[in-house]
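Structure record follows, encoded as C-alpha cells.
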Amino acid sequence: MSQPEFTDYEKRLSADHELRCRALLTVELIWRTCRTRKCGRDRACTGPMLVSAHQDRKVRIQREIGLSGHACARLPACVANAQEPAFQIFERIMDELQKYQIEHPEYRLPKFDRCLKGRQLPQGLPNP
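This is the structure in C-alpha cells:
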C-alpha cells in the first residue's frame, strides 16, 4: 500500500470518528450539560475537538497496526475533559452505536456541516 492511500484512509477514519462522536453526543443531548457555549447555541455537539488522554489505548492500538494514531486521538471538549466514570459511559454507548451500525448498515448519522461551518452565502450571488 502506498503512502498517499494510507493518509487518505486515515483522513476518512478520522472524519468517521468525529462524526460518530458528535452524533452520539447530540442524540444523547449532552449539549445541554456541555459547557461549550457554541454547543448550547447550536443544540448540537459542535465545539472543539481536543487530544485526550482517554484515547491513549486506542492510539497505541492504531500505532501497532502501522497507522499514526491521529485518527482517534481527539474527542469533543466535553468528553476529552470528563472524569473517568463519565468517559466510561460515553465509551459504552459508543460501542453500542457501532454494533447497531454494523447490524443496520442502512442507518445514517446526522451531519453537522451547517453547524460547524455556519451559514454561507450561495456562490455567484452578490452579498446583500
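With the first letter of the sequence shown counted as 1, position 123 gets the number 123 in UniProt numbering; the numbers rise by one all the way through.
Heads up, the beta-carbon is just placed ideally off N, CA and C, and yes, glycines get one too.
All values reported here derive from a predicted model rather than from experimental measurement.
#1: Please classify R22 as buried or exposed, where buried requires at least 16 other C-beta atoms within 10 Å of its C-beta.
#2: Less than 7 Å between the beta carbons of R74 and V51, yes or no?
#3: So L50 is in the beta strand (DSSP E); what residue range does that whole segment cover?
#4: For the region 91-99 against the region 7-17, are there 3 or more C-beta pairs whose distance is under 8 Å?
#5: Taking just the CA atoms, how far does T46 sit from P126?
#6: Can you tell me whether A71 is buried or exposed? The criterion is at least 16 other CB atoms within 10 Å of its CB, across all chains shown.
#7: Closest to V79 by CA distance: which of D16, A15, T7, C39 is it?
#8: Using DSSP with H/G/I as helix, E/B as strand and the rest coil, what is T7?
This is what the structure gives:
#1: buried
#2: yes
#3: 49-51
#4: no
#5: A caution first: P126 carries a pLDDT of 49, below 50, which makes its placement in the model too unreliable to give a value.
#6: Buried, because 16 or more other Cβ atoms sit within 10 Å of the Cβ of A71.
#7: C39
#8: helix
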